[in-house]
Amino acid sequence: MSLRLYRTHPILFYGIIFGILMLYYFHTLICTTYSLLSLNFNWPRDAPDFLISSNADRDAFDLSFANYSRTQDSAGPLYRDLVPPVLHHIALGGHKPQGKWIDARNACLELHPGWEAMLWTDENAGDFVRERFPELLNMWEQYGYLIQRIDALRYLVLYEYGGVVLDMDLKCTRSLGPLRRFSFVAPAAHPTGFSIGFMMASKRNEFVGKLVRSLKMYNRRWLGFPYPTVMFSTGCHYASTIHALQQNRSELRILAGPLDNFKLHSLNGPVSTPIFNHLGSSSWHSYDASLIVLLGKSAKWWIPLFILGAAAAVFFMVRRSKVKGTLRRYQSYRSILHGEKTSDTDLEGRIA
């Protein structure tokens with residue numbers, strides 16, 4: 001069959017072989033790219049299952065936290081504490097933390113007395129990765145942006161120890177104890193996914209483990225710009241994509257507000273939520289943020305157009321191959337009847 005196709009439709013044959021080779025060679029890139037760009041479509045799937053609910057027949061959780069004591073550092077008498085009492089803060093880069101960051105961290109420590117407090121700096125972070133995740137050390141050290149090392153370290157320490165990972169610019173206004181009943185918690189982001197500046201998880205959490213194991217696969221310089229490179233390789237978009245790929249997301253809980261105030265716990269920019277004052281110091285964002293936002297919003301248009309264009313190209317190749325085969329048979333027929341010969345140039349002109 002393949003030999004016959006090669007003889008009658010050589011262009012189509014080589015096109016198919018080339019396509020198969022490209023799919024084989026770039027299959028990982030194709031799959032990861034598709035998963036990232038389809039987040040807007042995949043994220044809402046099963047949202048009622050993973051969003052923390054105030055409904056009595058589900059979680060009966062007070063999303064406003066008004067009915068919980070400000071100092072409640074456990075899940076409460078009816079629930080088991082799934083998240084260990086550990087607070088993680090990350091301060092890489094060799095610079096002394098700003099005074100307001102120190103104040104924010106101290107506020108969280110004061111509201112969680114008796115919890116283990118871990119501050120990850122340039123002095124201990126590298127040794128931790130080297131000892132616990134040696135297979136990731138080279139990649140971690142060679143990340144192009146500091147924020148990538150910070151983001152990856154979030155997942156590593158959260159997986160190894162469990163507990164709570166907090167950005168340095170998050171000032172706690174109450175204890176996080178009521179959320180310890182869930183094995184994984186992160187705040188909803190706007191418009192899609194969740195924020196990684198605050199995450200809670202049980203020790204050796206399966207989902208956090210998948211975040212760790214997927215780091216190598218998504219480690220690319222996406223689109224050549226800082227913002228998509230960070231967001232797609234280690235940032236919120238990356239983590240949200242891995243979340244959306246899970247078959248069962250019911251244990252991967254997302255903290256959002258009620259329907260009439262869904263952004264209640266969103267940490268986008270300087271904002272106050274029921275549990276935090278966010279100082280909003282994400283200074284690494286660059287001009288290319290608008291590009292990735294535009295790509296995400298227009299995905300429902302350009303992805304179908306890309307598929308349509310690819311289909312049109314295949315159709316053209318098939319049609320051209322068939323026409324060329326027909327004209328060659330016509331050439332042979334004329335040669336037999338009249339002794340005429342048609343040059344390849346004439347043949348190409350007829351096809352065009």
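Per the UniProt record's numbering, the sequence shown starts with residue 1, numbered consecutively.
In this text, a Cβ means the ideal position worked out from N, Cα and C, and glycines have one as well.
Residue i by DSSP, collapsed to three states: which one?
i           : result
Trp43       : coil
Lys203      : coil
Leu259      : helix
Met231      : helix
Asn277      : strand
Gly163      : strand
Val185      : strand
Val86       : strand
Phe128      : helix
Ile242      : helix
Ser35       : helix
Trp115      : coil
Phe194      : strand
Lys96       : coil
Leu215      : coil
Leu51       : strand
Ser74       : coil
Tyr6        : Because the pLDDT at Tyr6 is just 49, under 50, the model does not fix this residue reliably, and the value given afterwards should be weighed accordingly. Correct three-state label for Tyr6: helix.
Leu137      : helix
Ser158      : The sequence given here places Leu at residue 158; Ser does not occur at that position. Helix.
residue 358 : This structure does not reach residue 358, given that the chain is present from 1 up to 352, and the question cannot be answered.
Leu170      : strand
Buried or exposed: where does residue i fall if 16 or more other Cβ atoms within 10 Å of its Cβ makes it buried?
i           : result
Phe276      : buried
Leu267      : buried
Gly162      : buried
Lys171      : buried
His89       : buried
Gln247      : exposed
residue 353 : Because the chain is modelled from 1 through 352, residue 353 falls outside the range shown and cannot be assessed.
Ala201      : buried
Glu116      : exposed
Arg58       : exposed
Pro134      : exposed
Ala125      : buried
Arg149      : buried
Which residues in the same chain as residue i place their Cβ atom closer than 6 Å to its Cβ, once the five residues preceding and following it in sequence are excluded?
i      : result
Gly235 : Asp151
Trp222 : Pro228, Thr229 and Phe232
Ser38  : none
Thr273 : His265
Tyr51  : The residue you asked about is not Tyr; residue 51 is Leu in the sequence shown. Only Ile254 and Ala256 meet the Cβ criterion.
Tyr159 : Val208, Gly209 and Val212
Asp81  : Ser74, Ala75 and Arg180
Gly144 : none
Arg132 : Glu160
Using CA atoms only, rank isn't needed, just tell me which of the options is closest to residue i.
i      : options                           : result
Tyr155 : Lys210, Gly76 and Asp169          : Lys210
Leu78  : Leu146, Arg181 and Gln72          : Arg181
Thr192 : Ser214, Arg213, Met217 and Ala256 : Ala256
Phe184 : Ile196, Asp103, His112 and Leu36  : Ile196
Arg105 : Leu166, Gly177, Asn248 and Val212 : Leu166
Glu251 : Tyr34, Asp46 and Thr33            : Asp46
Asn261 : Leu245, Met199, His190 and Phe128 : His190
Cys108 : Leu87, Gly93, Gln148 and His95    : Leu87
Val83  : Arg249, Glu123, Met199 and Leu259 : Met199
Val164 : Gln142, Lys203 and Gln148         : Lys203
Ile147 : Asp127, Gly93 and Asn40           : Gly93
Gln72  : Phe128, Pro113, Asp103 and His95  : Pro113
Pro85  : His95, Leu176 and Gly224          : Leu176
Got a sec? Which residues, its chain only, sit under 7 Å from residue i by beta carbon, not counting five neighbours each side?
i           : result
residue 370 : Since the first and last residues shown for the chain are 1 and 352, residue 370 lies out of range.
Asn219      : Met139 and Ser233
Arg174      : Phe65, Arg70, Leu111 and Ile275
Thr32       : Met217 and Tyr218
Leu36       : Phe232, His237 and Thr241
Asp62       : Ser54 and Tyr68
Arg249      : Asp46, Asp49, Phe50 and His243
Trp43       : Thr192, Gly193, Ser240 and Ala244
Using a Cβ-Cβ cut-off of 8 Å (strictly less than) and excluding sequence neighbours within five positions of residue i, which residues of its own chain qualify?
i      : result
Phe194 : Ala186, Pro187, Ala188, Cys236, Ala239, Ser240, His243 and Ile254
Ala91  : Pro97, Trp101, Leu119, Trp120, Thr121 and Met168
Asn205 : Leu158, Tyr159, Gly162, Ser183 and Phe184
Leu29  : Arg220
Lys263 : Ala188, His190, Ala256 and Gly257
Residue i and residue j look like a contact to me (Cβ under 8 Å); what is the Cβ gap, rounded to whole Å?
i      : j      : result
Gly76  : Pro226 : About 43 Å; that fails the 8 Å criterion.
Ser153 : Leu215 : The identity of residue 153 in the sequence shown is Leu, whereas the question assumes Ser. Leu153 to Leu215, Cβ: 11 Å. No contact.
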